[in-house]
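See below for the structure under consideration.
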Amino acid sequence: MLNIVLLEPEIPANTGNIGRTCVASGTRLHLIEPLGFSLSEKALKRAGMDYWKDLDVTTYIDYQDFLDKNPGAKIYMATTKAQKLYTEVSYEDDCYIMFGKESAGIPEEILVQNQENCIRIPMMEKIRSLNLGNSVAVVLYEALRQNGFAGMEREGQLHYLSWH
């Protein structure tokens with residue numbers, strides 16, 4: 000199972016949307032404190048809609064607590080500062096994909112210790128970053144694609160009509 004890690008997320012609606020994406024894709028969500036909101040906030044639940052109760056989510060008191068509780072984890076770190084594109088790595092089916100807080104990203108002290116595992120989404124030159132929820136979806140679905148969308152429905156059904 001793939002894992003999404005949010006390091007000190009600040010905006011409840013982003014985390015709610017990411018939680019919904021995790022439920023839809025069978026992905027675990029890991030939240031590293033401090034959080035910029037309470038997990039009981041209405042905005043968080045509204046963005047995650049009625050899926051929040053189905054979310055496999057774990058919280059950690061800080062980055063070191065996350066590392067201690069996930070020894071040996073293969074962690075890819077999404078950052079606008081990386082030299083490698085997110086499509087240039089092979090995602091293991093049990094890897095962790097980390098994203099930093101909306102206002103600052105992952106601290107550079109962490110990035111320089113993990114240079115080989117830093118990845119980026121290409122953007123136009125003057126754009127600072129994508130929305131956190133969009134970034135998670137882009138990278139997560141590449142990892143899911145590489146792993147054959149294991150366990151996911153691959154065909155849709157019409158509600159009232161049928162495909163011919």
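Using numbering that gives the first Met the number 0, the first residue of the sequence shown is number 0, and each one after it goes up by one.
Beta carbons: idealized from backbone N, C-alpha and C, even for Gly.
Quick caveat: nothing in here was measured; it's all calculated off a predicted structure.
Lys41 (DSSP reduced to helix, strand or coil): helix
Every unbroken alpha helix (DSSP H) within the segment 120–154, with a cutoff of 4 residues, ordered by chain: 131–145
Candidates Leu131, Asp67, Tyr140, of which the one nearest Ala12 by Cα: Leu131
Close-in-space but distant-in-sequence residues of the same chain around Glu9 (CB under 7 Å, 5 per side omitted): Gly35, Lys100, Glu101, Ser102
Helix, strand or coil at Ile109 [DSSP, three-state]: helix
Residue interval of the alpha helix (DSSP H) (run including Thr14): 11–24
Segment contact flag, the segment 81–92 with the segment 48–61, C-beta cutoff 8 Å, min 3 pairs: no
Alpha-carbon to alpha-carbon, Cys117 and Lys83: 7 Å
Contact set for Thr78: own chain, Cβ-Cβ below 8 Å, skip 5 residues either direction: Gly99, Gly104, Ile105, Leu110, Cys117, Ile118, Arg119
Closest Cα partner of Thr86 within the set Leu143, Gly150, Met151: Leu143
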